[in-house]
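The structure appears right after this line, and notes come after that.
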Amino acid sequence: MRKDKALLLKLARSDRSGLNPDELKRSDELRKTEISRPLVMVNSSTSGIVAGSLLTWKAVESYAADRSIELDLTETGSIGLSSEDPVVSVQIPGRTRIFFSRITEGRVPSLLDDLFHQVVPDGNVIGQLLREGQEPWENVPALADLPFFALQNRIVMESCGIIDPFSLEEYMAGGGYGAFIRTIRSYTFSEVCELVTASGLRGRSGGGFSTGEKWKAAFRTPSDQKYLICNAEESDPGAFMDRTLMEGNPFQLLEGISIAAYAIGSNRAYIYIRSEYKDAIRRINNAIKELREIGLLGDNILDSGYNLQISLRKGPGAFVCGEETALIASLEGKRGMPSSKPPYPTTSGYLGRPTVVNNVETLSNLPGIIRKGPEWFRSIGTEESPGTKIFSISGRVALSGLVEVPMGTSFDTIINKIIGGAGRGRELKALHLGGPSGCMVPLDLMDLPVSYEALKEKGLIMGSGGVLVMDDRTCVVNTVRFFMYYLNKQSCGKCIPCREGTRRMAEILASITRKPADEEGSTTLERFKGVMQLESLAEVMKDTSLCGLGQNAPNPVVSTLKYFRHEYEEHIFERRCPSNTCTELRTWYIDVDLCTGCTVCAKKCPADAIIGTARHPYFIVQEKCIGCGICYDVCKFSAVYYK
Amino acid sequence: MADQAARIEKILHQFPQIKRNALIPLLQAVQDEFGFISEEAVAKIGAHLSLPTSKVYGLATFYNQFSFSPRGFYHVVLCNGTSCHMGGAGDLLNEITKLLEIGDGETTRDGLFSLEVQSCIGACGQSPVMSVNGTYFSGISVKEVREIIKQYREDAER
Ligand SMILES: Cc1cc2nc3c(=O)[nH]c(=O)nc-3n(C[C@H](O)[C@H](O)[C@H](O)COP(=O)(O)O)c2cc1C
Ligand code: SF4
Ligand code: SF4
Chain R
1 MRKDKALLLK LARSDRSGLN PDELKRSDEL RKTEISRPLV MVNSSTSGIV
51 AGSLLTWKAV ESYAADRSIE LDLTETGSIG LSSEDPVVSV QIPGRTRIFF
101 SRITEGRVPS LLDDLFHQVV PDGNVIGQLL REGQEPWENV PALADLPFFA
151 LQNRIVMESC GIIDPFSLEE YMAGGGYGAF IRTIRSYTFS EVCELVTASG
201 LRGRSGGGFS TGEKWKAAFR TPSDQKYLIC NAEESDPGAF MDRTLMEGNP
251 FQLLEGISIA AYAIGSNRAY IYIRSEYKDA IRRINNAIKE LREIGLLGDN
301 ILDSGYNLQI SLRKGPGAFV CGEETALIAS LEGKRGMPSS KPPYPTTSGY
351 LGRPTVVNNV ETLSNLPGII RKGPEWFRSI GTEESPGTKI FSISGRVALS
401 GLVEVPMGTS FDTIINKIIG GAGRGRELKA LHLGGPSGCM VPLDLMDLPV
451 SYEALKEKGL IMGSGGVLVM DDRTCVVNTV RFFMYYLNKQ SCGKCIPCRE
501 GTRRMAEILA SITRKPADEE GSTTLERFKG VMQLESLAEV MKDTSLCGLG
551 QNAPNPVVST LKYFRHEYEE HIFERRCPSN TCTELRTWYI DVDLCTGCTV
601 CAKKCPADAI IGTARHPYFI VQEKCIGCGI CYDVCKFSAV YYK
Chain W
1 MADQAARIEK ILHQFPQIKR NALIPLLQAV QDEFGFISEE AVAKIGAHLS
51 LPTSKVYGLA TFYNQFSFSP RGFYHVVLCN GTSCHMGGAG DLLNEITKLL
101 EIGDGETTRD GLFSLEVQSC IGACGQSPVM SVNGTYFSGI SVKEVREIIK
151 QYREDAER
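Residue numbers (our numbering), protein chains in the order written: chain R, 1 to 643; chain W, 1 to 158.
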């Protein structure tokens, strides 16, 4: 089916009052506000697929085939409720769309049976999407009223999980691409730079640098060729907002890239994306193809004289490749190692030309800013940090997923009100912001408004927006050890303070989470010296590392030494892990009632700590035990336990 | 191995522009085709781009995506991202290492299993997550891992 280009451009551009009845009807069909047969949408984003949505998809297909029912089955992105996947939404003609949680394949037949008989099934209901002209279901909460959605302000994520990410037509019928069309028809390059500067948009990857100012620097540098690079590496483990934006609404990102490229006077843009992001890659490739077909990419776009090519480049994976100079090196076919700045990429970047590197979330904000104006954008968030920020929340939480809130919202609102706290009757202990090189935040700071300036004041960083929630079962020291081990593996090795400092920190932390092999001699002293070293080591790493990886690597250590010193002390002085996480600090016992005296544990114990007589209960000599847990692994009678 | 050589040649032909920029996409194409990058491939790519083999190898080893030994019949991917780690991925890794007697990036001697530890596969809501040949297992325990591996072993014997 060929797309009706003229109609789509009209739908994207005008407000609905300018449309004739035929056009209105087509627009409603494309936006799925009016449908003629049932519509089933399955979240096929990464999180959905991991939870089993491909099987759900097949179950819907065979349900329809078996009963000869005609229905439309389409993919969608995530509405942000990752822990509820596979999320499926169903809309039958005339009625509102309902969203359901955890629809695994077996649940498909009964779900559809009920709905096709106009009955709302018991359980698994998330809520309904209220829309004008559609009859709501009784006793089904509106999505917008649920605590999860009510306290959010979804601007960038508005259409994620709602629209079909493979349909340019649906995106355009909802006003998509209107901002880009307006940009190239009505504004000069520098007018777009000014407009975005006026909106106050700051880079969402963590630094919070003014997007408009960055563009201006590149725009002002004379050159025959300029580049725009979308940083879709999202190297931070635990962060999945960029991926979700690409999977849920790839056209919005491409529109943002097009606007940014135009603003700096570039006709060449690259999306540098992690090779593991297969589902995002599939959607972006499709989007580029559709945009080319309709003439929104390529030469002389809409007769404006403006040309733009966007290509996708797969990053072969390395944490440090998210750093912009490393990313550029990788794009040039070299090892992804950072180089010193200045010169900044805006003066000398990809192939030595002026280059702007922007993050996915930053770019996805642009269509809205152009469409609704900088004043609108400034009215959201705080004075110095306008707009919203998406946080990806995982760890020990009731719900895990993506939350988009105005800047300045407190952690308390995000974690306790929107996400529902630690869940399962557990107590919150701490938050960890910004991935492995981020900061640990104690509960005393839960009221802190989340904005660049408020966090900075407390010595914290926002990072890319990953929030790891820790409950009373998590060990602070152990978590920091994990981060440090990770950072050591990911250091590109160029700077000695980063390469060796992370290694030394990981070693020191490991020694604290383990019992010393012997209490005599210098081992205890070494442990002490190590801990004393941590702080000065952190200073050196911060001051002398070349890139943000090494500069930020000490963050978790510094923030936990500041806020969770008592946990370090318990590990060091009492050789106790208060949350019982550090395996090797556990105190092991043998249950006399369960032990058959089979001797297996005594034979395997590396420390000869288990004694007894065969066929009688054995016991552990605590002074000798090094806490390796081997006895626990080998006991066939579950007689070994720990406290 | 004539077949392998021909397949490599075919990939090289898809990259006629012999610029350094082509190096990573070329390695990716070889990795996609064979699941790993053989010595032969490194040599051929070097010759094609007029780069010393050591340069090609040095670049390839820098990145996580490339592996240098063939994958097993069953390729096990374990996520050890922050959320999965907190959910017990460390214990799962210990268990898998014990069961298969291989570490990250290795393949069992009989070629049946290979293991890859990834730093975040992006399904933090389902942690801990493991996949075998693209089939995902989420929210799994040590016991379940044991059963999954056992099941695959039995399937292979049949
Ligand atoms: C070690 C390191 C990793 C980074 N990883 C990412 C990343 O994965 N994604 C990203 O957009 N920016 C990342 N950045 C920030 C980029 O260098 C760059 O500042 C950013 O892409 C600018 O985009 P923005 O101005 O839109 O925020 C990283 C920086 C450092 C130091
Ligand atoms: S700080 Fe670390 S990651 Fe960054 S350039 Fe130096 S060694 Fe490489
Ligand atoms: S935990 Fe290890 S050292 Fe301690 S008794 Fe058991 S086997 Fe022996």
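All C-beta atoms, glycine included, are put in the ideal place defined by N, C-alpha and C. Quantities reported herein were computed from a predicted structural model and do not represent experimental measurements.
Simplified DSSP assignment, three categories, for residue i
i	result
T388 of chain R	strand
F209 of chain R	coil
R313 of chain R	strand
H117 of chain R	coil
A430 of chain R	strand
F637 of chain R	coil
S89 of chain R	strand
N139 of chain R	coil
A614 of chain R	coil
S644 of chain R	In the structure as shown, chain R starts at 1 and stops at 643, and residue 644 of chain R therefore has no counterpart that could be examined.
I98 of chain R	strand
D3 of chain W	helix
V357 of chain R	strand
V60 of chain R	helix
P442 of chain R	strand
Q126 of chain W	helix
F137 of chain W	strand
L9 of chain R	helix
C79 of chain W	strand
F113 of chain W	strand
L399 of chain R	coil
Q252 of chain R	helix
Q225 of chain R	coil
Q28 of chain W	helix
V480 of chain R	helix
Nearest neighbour of residue i, chosen from the options [CA to CA]
i	options	result
G465 of chain R	R:I393, R:G423, R:N488, R:R473	R:I393
F166 of chain R	R:S78, R:T74, R:E233, R:G256	R:T74
L585 of chain R	R:Y568, R:G597, R:A538	R:Y568
T46 of chain R	R:D242, R:R202, R:M157	R:D242
D110 of chain W	W:K55, W:E9, W:A156	W:A156
E84 of chain R	R:D22, R:G48, R:W376	R:G48
I310 of chain R	R:E323, R:F148, R:I257	R:I257
C120 of chain W	W:A22, W:I11, W:Q28, W:G81	W:G81
L296 of chain R	R:R353, R:G368, R:M172	R:M172
E247 of chain R	R:E194, R:K214, R:A318, R:D164	R:D164
S67 of chain W	W:P16, W:A123, W:E33	W:E33
F564 of chain R	R:V640, R:Y632, R:C439, R:A553	R:C439
G139 of chain W	W:P128, W:N133, W:V132	W:P128
F637 of chain R	R:C598, R:K214, R:T474, R:L111	R:C598
V90 of chain R	R:A65, R:R67, R:P147, R:H117	R:H117
Residue i: CB within 7 Å of a non-hydrogen atom of ligand 4
i	result
R503 of chain R	Ligands in the displayed structure: ligand 1, ligand 2 and ligand 3; ligand 4 is not one of them.
Check your understanding: Would you say the segment 418-425 of chain R touches the segment 386-400 of chain R, given that touching needs at least three Cβ pairs under 8 Å?
Key -> yes
Review point. Is there contact here, the segment 495-506 of chain R with the segment 563-581 of chain R, by at least three beta-carbon pairs under 8 Å?
Key: no
Review point. Unbroken alpha helix (DSSP H) runs of length 4 or more, entirely within the segment 493-559 of chain R: which are they?
Key: 496-512, 523-544, 548-552
Practice item. Specify whether the segment 296-316 of chain R and the segment 45-53 of chain W touch according to this definition: at least 3 beta carbon pairs, one from each stretch, less than 8 Å apart. Key: no
Check your understanding: If you pair each beta-carbon of the segment 231-241 of chain R with each one of the segment 428-438 of chain R, do three or more pairs fall below 8 Å?
Key -> yes
Check your understanding: With a cut-off of 8 Å, do at least 3 Cβ pairs link the segment 51-70 of chain W to the segment 367-376 of chain R?
Key -> no
Review point. Counting pairs of beta carbons, one from the segment 38-49 of chain W and one from the segment 71-80 of chain W, are three or more of them closer than 8 Å?
Key: no
Check your understanding: Three or more C-beta pairs closer than 8 Å, one from the segment 285-294 of chain R and one from the segment 326-338 of chain R: is that the case here?
Key -> no
Check your understanding: For the segment 251-267 of chain R against the segment 187-195 of chain R, are there 3 or more C-beta pairs whose distance is under 8 Å?
Key -> yes
Point to revise | Inter-stretch contact (C-beta, 8 Å, three-pair minimum) for the segment 479-486 of chain R and the segment 402-412 of chain R | key: no
Review point. Just the residues with CB closer than 5 Å to a heavy atom of ligand 2, in chain order, which are they?
Key: R:V320, R:P338, R:S491, R:C492, R:K494, R:C495, R:C498, R:S545, R:L546, R:C547, R:L549, R:G550
Check your understanding: Between the segment 268-276 of chain R and the segment 223-233 of chain R, do at least 3 Cβ pairs fall closer than 8 Å?
Key -> yes
Review point. Does the pairing of the segment 120-130 of chain R with the segment 90-100 of chain R give three or more beta-carbon distances under 8 Å?
Key: yes
Check your understanding: Do the segment 138-151 of chain W and the segment 59-72 of chain R touch if we need at least three Cβ pairs shorter than 8 Å?
Key -> no
Practice item. Would you check if the segment 12-23 of chain W and the segment 628-640 of chain R touch, i.e. whether three or more CB-CB distances between them fall below 8 Å? Key: no
Check your understanding: Is there contact here, the segment 170-184 of chain R with the segment 360-369 of chain R, by at least three beta-carbon pairs under 8 Å?
Key -> yes
Practice item. Check whether the segment 345-358 of chain R touches the segment 94-106 of chain W, taking contact to mean three or more Cβ pairs, one atom from each stretch, closer than 8 Å. Key: no
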